[in-house]
Amino acid sequence: MPKKLYTTREWDGYGKQNYYHNEYRQEGDIIEKVKCHRQKFFDGHENEWCHDEYVVDSWHKDDPSMPDWLKKYID
95 MPKKLYTTRE
105 WDGYGKQNYY
115 HNEYRQEGDI
125 IEKVKCHRQK
135 FFDGHENEWC
145 HDEYVVDSWH
155 KDDPSMPDWL
165 KKYID
């Protein structure tokens, strides 16, 4: 199970009821930037929230291209 290191503020997406945020997670020596999305839609009976996410970027623990600010959150 990956450990959540940092979560950004949520921002509005395109259209109504679309929201995004980024999470930075660590699993072993790998750090991943994950873009998370949630959207509300009406299924004919009630409003439902749909959640999805995907990996945007990843780094090895010692990768020099990893953002400097993120290094202080790593174990």
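Numbering-wise, my numbering comes out as the position in the sequence shown, counting from 1, plus 94. Think of the CB as a built atom: it goes at the ideal place given N, C-alpha and C, for glycine as much as any other residue. Since the structure is predicted, the reported quantities are computational estimates derived from the model, not experimental observations.
query: The beta strand (DSSP E) spanning K98 covers which residue range?; result: 97–101
query: May I ask you to verify whether the stretch 152–165 touches the stretch 129–140, counting CB pairs closer than 8 Å and requiring at least 3?; result: no
query: Taking H115 as the reference, which of G122, E121, G107 has the closest Cα?; result: G107
query: Mind checking which residues open and close the beta strand (DSSP E) that includes I125?; result: 124–136
query: So what's Y167 in DSSP terms, helix, strand or just coil?; result: helix
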